[in-house]
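Enquirer: Below: one structure in structure tokens.
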Amino acid sequence: QVQLQESGPGLVQPSETLSLTCTVSGGSISSYYWSWIRQPPGRGLEWIGYIYNSVSTNFNPSLKSRVTISVDTSKNQFSLKLTSVTAADTAVYYCAMAGHGQFTEFDPWGQGTLVTVSS
Amino acid sequence: QSALTQPASVSGPPGELITISCTGISSDIGDYNYVSWYQQHPGKAPKLIIYDVSNRPSGVSNRFSGSKSGNTAYLTISGLQAEDEADYYCSSYAIKTTLAVFGGGTKLTVL
Chain A
2 QVQLQESGPG
12 LVQPSETLSL
22 TCTVSGGSIS
32 SYYWSWIRQP
42 PGRGLEWIGY
52 IYNSVSTNFN
62 PSLKSRVTIS
72 VDTSKNQFSL
82 KLTSVTAADT
92 AVYYCAMAGH
102 GQFTEFDPWG
112 QGTLVTVSS
Chain B
16 QSALTQPASV
26 SGPPGELITI
36 SCTGISSDIG
46 DYNYVSWYQQ
56 HPGKAPKLII
66 YDVSNRPSGV
76 SNRFSGSKSG
86 NTAYLTISGL
96 QAEDEADYYC
106 SSYAIKTTLA
116 VFGGGTKLTV
126 L
């Protein structure tokens, strides 16, 4: 079965760029929708965006100006870049696959990685 | 403020049946059958338990069921067990807003 694992720095300076990678095993990243979702400590979930067929992307309008999602098919990985971060971007970041067709049906998920924005 | 509205908490004794509501608007839950439900235990990633309003992924207990009426979706858990104690989130496709929207989450306590 498909498994996902997030990786990247746990601490990012304010105004810098947050960069995370999701490594996919057990399936090809060339198919399906692949999303990033975040959850601030003690709060709810927020969809950030997806990449599909390695090139097609779509983003939450509230984050669109700061987000890039890309794929490295040779490594079966996809990545998130979020620019100009502030303390409000502190959250657990999850990567997820849309395993049932519609991109909003997230299954499975990675275990999540906490990113803290602080100087 | 979340785009979908859920009760902050629900509770029930073991063996009981409970229902969690998730209210949206016509351009999300009302117009599309792309409602999903997720179970999240503390410190863990969310797990999909219902998709397309009422479908269960392989391996999910048939004690979990989903339905929809108008702009509101429902998650029903029958025969409550201690292991069901968790946070539950709904989500939906939302063509006019953020494309994918979540509810604020409901904390289920098994008494």
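Residue numbers (the working numbering), protein chains in the order written: chain A, 2 to 120; chain B, 16 to 126. All residues carry an ideal CB built from backbone N, CA and C; glycine is no exception. Since we're looking at a predicted model, the values are computed, not measured.
Within 8 Å (strictly less), CB to CB, does B/Phe-79 reach chain A?
Expert: No, because no Cβ of chain A sits closer than 8 Å to the Cβ of B/Phe-79.
Enquirer: How about the region 42–51 of chain B and the region 108–116 of chain B: do they share at least three Cβ pairs that are nearer than 8 Å?
Expert: A contact exists between the region 42–51 of chain B and the region 108–116 of chain B.
Enquirer: Rounded to whole angstroms, what is the Cα-Cα separation between B/Pro-72 and B/Lys-62?
Expert: The alpha-carbon atoms of B/Pro-72 and B/Lys-62 are separated by roughly 10 Å.
Enquirer: Kindly indicate which three-state DSSP category B/Asp-99 falls into: helix, strand or coil?
Expert: If DSSP states are grouped into helix, strand and coil, B/Asp-99 belongs with the helices.
Enquirer: Counting only Cβ pairs nearer than 9 Å, list the residues of chain B close to A/Tyr-94.
Expert: Result: empty, since nearest Cβ-Cβ is about 11 Å, beyond 9 Å.
Enquirer: Report yes or no: is there a C-beta of chain B within less than 8 Å of the C-beta of A/Gly-45?
Expert: Yes, contact with chain B.
Enquirer: Beta carbon of B/Ile-64, beta carbon of B/Val-75: below 8 Å?
Expert: Yes, the pair counts as a contact, with Cβ atoms nearer than the cut-off.
Enquirer: Just to confirm my understanding: we take A/Gly-28, look at its own chain, exclude 5 residues before and 5 after, and list those with CB closer than 7 Å. What are they?
Expert: For A/Gly-28, where only same-chain residues beyond five positions count, the Cβ hits under 7 Å are Val-3.
Enquirer: Output needed for B/Pro-28: all residues of its chain with C-beta closer than 6 Å, excluding positions within five of it in sequence on either side, in chain order.
Expert: Correct list, in chain order: Leu-126.
Enquirer: Report the neighbours of A/Phe-107 on chain B: residues whose CB is nearer than 8 Å to its CB, in chain order.
Expert: Near A/Phe-107 (Cβ distances below 8 Å), the residues of chain B are Ser-51, Tyr-53, Pro-61, Leu-63 and Ser-106.
Enquirer: Quick check on B/Ala-115 - is its C-beta less than 8 Å from some C-beta in chain A?
Expert: True, the Cβ-Cβ gap to chain A drops below 8 Å.
Enquirer: What in chain B is Cβ-close to A/Gly-113, meaning under 7 Å?
Expert: Correct list: Ala-60.
Enquirer: How long is the line joining the alpha carbons of B/Thr-38 and B/Cys-105, rounded to whole angstroms?
Expert: Taking the straight line joining both Cα atoms gives about 9 Å.
Enquirer: Report yes if the CB atom of A/Val-116 is closer than 8 Å to the CB atom of A/Leu-19, and no otherwise.
Expert: The answer is yes: Cβ separation under 8 Å.
Enquirer: Determine the direct distance from the alpha carbon of A/Gly-111 to that of A/Gln-6, and round the result to whole angstroms.
Expert: C-alpha separation (whole angstroms): 5 Å.
Enquirer: Comparing alpha-carbon positions, which option in A/Val-56, A/Pro-42 and A/Trp-35 lies nearest A/Ile-49?
Expert: Nearest C-alpha to A/Ile-49: A/Trp-35.
Enquirer: Inspect the beta-carbon positions of A/Pro-109 and A/Gly-100 and report whether they are closer than 8 Å.
Expert: Their beta carbons are under 8 Å apart, which means A/Pro-109 touches A/Gly-100 by this criterion.
Enquirer: Return yes when the Cβ of B/Gly-81 is within less than 8 Å of the Cβ of B/Leu-90, no when it is not.
Expert: In contact: B/Leu-90 and B/Gly-81 (Cβ atoms closer than 8 Å).
Enquirer: Specify the secondary structure class of B/Asp-43 as computed by DSSP and reduced to three states.
Expert: In this structure, B/Asp-43 counts as helix in the three-state DSSP scheme.
Enquirer: Once DSSP output is grouped into helix, strand and coil, what is the label at A/Ala-89?
Expert: The answer is helix: DSSP assigns A/Ala-89 an H, G or I state.
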